[in-house]
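Novice: Each number in our numbering comes from the position in the sequence shown (counting from 1) with 406 added on.
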Amino acid sequence: MNILLTGASGFIGHNLVAELTAAGHRIKPVCRSEGIDFSRMLSAADWLPQLEGVDAVINSVGIIGESGSQRFEPLHTLAPSALFRACAQAGVRRVLQISALGADKAAFSAYHLSKRAADDCLRSLDLDWFVLRPSLIYGLGGKSADLFMRLAALPRIPVIDNGQQELQPVHISDVVATVMQGLTSPKTMQTLDIVGTEIITFAEWLQTMRQALGLPRARLIPIPFRVAMAIAQVGRYFNPMLQPENLRMLKTGYRADFRPLVQFLGRPPLTTKPSLFFSEGVPTRGAS
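#1: In the structure shown, what three-state DSSP assignment does T597 receive?
#2: Pick out whichever of D567, S466 and N645 has its Cα sitting closest to the Cα of R539.
#3: When burial is assigned at 16 or more other CB atoms within 10 Å of the CB, is R522 buried or exposed?
#4: Report buried or exposed for R438, applying the criterion of at least 16 other Cβ atoms within 10 angstroms of its Cβ.
#5: With a cut-off of 8 Å, do at least 3 Cβ pairs link the segment 585–605 to the segment 668–687?
#6: Hey, out of E610, L589 and E572, whose CA is closest to I409's CA?
#7: Just list the residues that DSSP pairs A462 with in beta bridges.
#8: Spatial neighbours of K549 within its chain, please: CB distance less than 6 Å, with the 5 preceding and 5 following residues excluded, ordered by chain position.
#9: Roughly how many angstroms lie between the CA atoms of N568 and Q574, to the nearest whole one?
#10: Note down the Cα distance separating E610 from G659, rounded to an integer number of angstroms.
#11: May I have the straight-line CA-CA distance separating V423 from P622, to the nearest angstrom?
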């Protein structure tokens, strides 16, 4: 297949490039390194020339925090929606949108709301679509996982309140495998949550990361939520991921039923193991 892949240079995107290429697909990458400013592709007319000869589209563009010219609305909503409408006009029926767990009716953050707006646009079109909503993704090269890894490596680990916020992390290889399955599955028009089978607290997640680093368990330093929010108000200027809204999302926690994903993949997602933190997104076939 000829596949247009947006965000080809990102964490999810570069893992997809490797697997798509290995499977014999031809990739048309859309990213800044290829000379295309995604945030300026805001109309269907901007996208139509890019869709010539394309069989399927995968949108993997995403940012976890705004900085400089990288803003949620153009990147998560306006440009993807224009792309999806262009697909409908050009007859490119197979479209996969990589959204995020929590981009649903209960969404409250600008991040989730901007993702959900594009999801809703795609779901409104007569296309063979998939809206894929991964939870916290880990694996080699992930920015959020890298930030948490550095946090976990500290002699004493700071956590919000008591660190009991619930996570349902998923390995990058399971995200890649779901996308690959979505390219050929006859059962389209699906919204799928891509989550692991385990629910783990934030504190225990950081301890697992320490194990991956070969470090012993560390003592926790509880930080009251209001203090963490005050720290984030300053920290966001140094790291776009240190946003107050991101702390609110962490405090909320997001969970989903993993059984639809198991049915779709024909296997369970991978069980978290320390070695997986440093592995890339080659789909693993067989049991987890």
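For every residue, glycine included, the Cβ atom is placed at its ideal position computed from N, Cα and C.
Specialist: Well, looking at it:
#1: Locating residue 597 in the sequence shown gives position 191, where the first residue counts as 1. Reduced to three states, the DSSP call for T597 is strand.
#2: Taking the sequence shown and counting its residues from 1, one reaches residue 539 at position 133. Considering only alpha carbons, the answer is S466.
#3: Here residue 522 refers to the residue found at position 116 when the sequence shown is read from its first residue. When all chains shown are included, R522 counts as buried.
#4: Position 32 of the sequence shown, counting from 1, holds the residue named residue 438. When all chains shown are included, R438 counts as exposed.
#5: yes
#6: Taking the first residue of the sequence shown as position 1, residue 409 is located at position 3. Of E610, L589 and E572, the residue nearest in Cα terms is L589.
#7: As a first step, residue 462 is located in the sequence shown; it is residue number 56 there, counting from the start. According to DSSP, A462 bridges with I409 and R500.
#8: Residue 549 sits at position 143 when you count from the first residue of the sequence shown. If we look at K549 and ignore the five residues flanking it on each side, it has no Cβ neighbours.
#9: Residue mapping note: residue 568 aligns to position 162 of the sequence shown, counting from 1. Residue mapping note: residue 574 aligns to position 168 of the sequence shown, counting from 1. Those two C-alpha atoms are separated by around 18 Å.
#10: Here the question's residue 610 lines up with position 204 in the sequence shown. Here the question's residue 659 lines up with position 253 in the sequence shown. The straight-line gap from Cα to Cα measures roughly 14 Å.
#11: In the sequence shown, counting from the first residue as 1, residue 423 sits at position 17. In the sequence shown, counting from the first residue as 1, residue 622 sits at position 216. When rounded, the distance between both Cα atoms is 36 Å.
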